[in-house]
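Trainee: Residue numbers (numbering that gives the first Met the number 0), protein chains in the order written: chain A, 0 to 142; chain B, 0 to 62.
We put the beta carbon where it would ideally sit given N, CA and C, even for glycine.
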Amino acid sequence: MRYIQKGMTTEEIKKTSTKTGSQDGFVYLPLIAGWLVPGGGHFLLRKWGRGALLAASILGMFVLGLLMQGEVYASAHDILVLLGLVGDLGIGLPYVLCRMLGLGDVQVMVTTADYGTRFIVVAGLLNIIAAVDAHNLRTGRKS
Amino acid sequence: MGNWVFQPSHFTAVVLFALFASTVFGITQRETPRSMIRYGIYCFVLFVASAIALSWVMFFIAR
Numbered sequence: 000m001r002y003i004q005k006g007m008t009t010e011e012i013k014k015t016s017t018k019t020g021s022q023d024g025f026v027y028l029p030l031i032a033g034w035l036v037p038g039g040g041h042f043l044l045r046k047w048g049r050g051a052l053l054a055a056s057i058l059g060m061f062v063l064g065l066l067m068q069g070e071v072y073a074s075a076h077d078i079l080v081l082l083g084l085v086g087d088l089g090i091g092l093p094y095v096l097c098r099m100l101g102l103g104d105v106q107v108m109v110t111t112a113d114y115g116t117r118f119i120v121v122a123g124l125l126n127i128i129a130a131v132d133a134h135n136l137r138t139g140r141k142s
Numbered sequence: 000m001g002n003w004v005f006q007p008s009h010f011t012a013v014v015l016f017a018l019f020a021s022t023v024f025g026i027t028q029r030e031t032p033r034s035m036i037r038y039g040i041y042c043f044v045l046f047v048a049s050a051i052a053l054s055w056v057m058f059f060i061a062r
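#1: Can you have a look at Thr-116 of chain A and say buried or exposed, based on whether 16 or more other CB atoms are within 10 angstroms of its CB?
#2: Please report the residue range of the alpha helix (DSSP H) in which His-9 of chain B lies.
#3: His-9 of chain B: buried (16+ other C-beta within 10 angstroms of its C-beta) or exposed?
#4: Which two residues bound the contiguous alpha helix (DSSP H) that contains Met-57 of chain B?
#5: Please report the distance separating the alpha-carbon of Val-71 of chain A from that of Leu-79 of chain A.
#6: Out of A:Ala-51, A:Lys-46 and A:Gly-89, point me to the one whose CA is closest to Phe-118 of chain A's CA.
#7: Would you be able to state if there are at least three C-beta pairs under 8 angstroms between the region 87–104 of chain A and the region 14–23 of chain B?
#8: In angstroms with no decimal places, state the Cα-to-Cα distance between Asp-87 of chain A and Val-120 of chain A.
#9: Pro-32 of chain B to Trp-47 of chain A, Cα distance in whole Å?
#10: Under the assumption that Thr-22 of chain B contacts Asp-132 of chain A (Cβ atoms under 8 angstroms), give the Cβ distance between them as a whole number of angstroms.
#11: What would DSSP say about Gly-103 of chain A, mapped onto helix, strand or coil?
#12: Output, in chain order, the set of chain A residues within a Cβ distance shorter than 7 angstroms of Ala-12 of chain B.
#13: Does Arg-137 of chain A come within less than 7 angstroms of chain B when only Cβ atoms are used?
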C-alpha cells in the first residue's frame with residue numbers, strides 16, 4: 000500500500016515508493032514471529048535495539064515469574080483461569096516449552112508464587128502488544 | 000524451576016514489574032527514541048507511585 004498525499008514533491012513520492020517496494024511479502028509475518036518469539040517481529044524488521052529490549056523485558060518477566068514459582072495455566076475450568084490461559088498463550092513458544100518441560104506445574108501457596116503467576120500472564124500480554132507493534136511497523140502505520 | 004527460587008519483597012516485585020512493563024510501553028507506544036525514554040520513565044514513575052499511594056490507602060482502611 001502506498002501513501003501518496005496531495006502536495007507531495009516528486010522526491011517524496013519516490014521515497015515512499017522505494018520504502019514500500021522493499022516490504023513485499025507476507026504482511027503478517029512480523030506479527031506471527033513476534034508472537035512466537037518475544038522481540039522476533041522487530042528482529043525480522045531489523046529493529047535490533049528495540050527487539051533486544053523487548054525480548055529482555057518480556058522474557059525477563061516470564062523467567063522471573065517462573066522463578067517465583069508462578070503457575071503456568073494449562074486448563075480452562077472457569078472464566079478467571081481461562082483469562083489467565085489466554086494471557087499465558089500470548090508469550091508464544093516459551094509457553095509450549097514450559098508445558099513440555101513441566102515448568103510452572105507446581106501450585107505453591109505463597110505470596111511470591113501468586114506474584115509469579117501474574118508476572119507470567121502479564122509477560123504474555125506485553126508480548127501481544129509487542130507483536131502488534133511489529134505489525135504496525137511492517138504496515139507503515141508506525142516508523 | 001529446579002532449585003532456583005526467587006522470593007522478592009513486595010516493593011521489589013512492584014519495581015521489577017514497573018521496569019519491565021514500562022520498557023515495553025515506552026518502545027511500543029512512542030516513535031522516536033527520545034520520546035520512548037521519556038514515556039518509559041513516566042510509566043515507571045506512575046506504576047511505582049500509584050502502588051505506594053494505594054498501599055497507604057489500604058493501610059488506613061485496614062486500621
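Mentor: According to the structure shown:
#1: buried
#2: 9–28
#3: exposed
#4: 32–61
#5: 13 angstroms
#6: A:Gly-89
#7: no
#8: 5 angstroms
#9: 13 angstroms
#10: Their Cβ separation, rounded to whole angstroms, is 13 angstroms, which puts Thr-22 of chain B and Asp-132 of chain A out of contact at 8 angstroms.
#11: coil
#12: Tyr-114
#13: no
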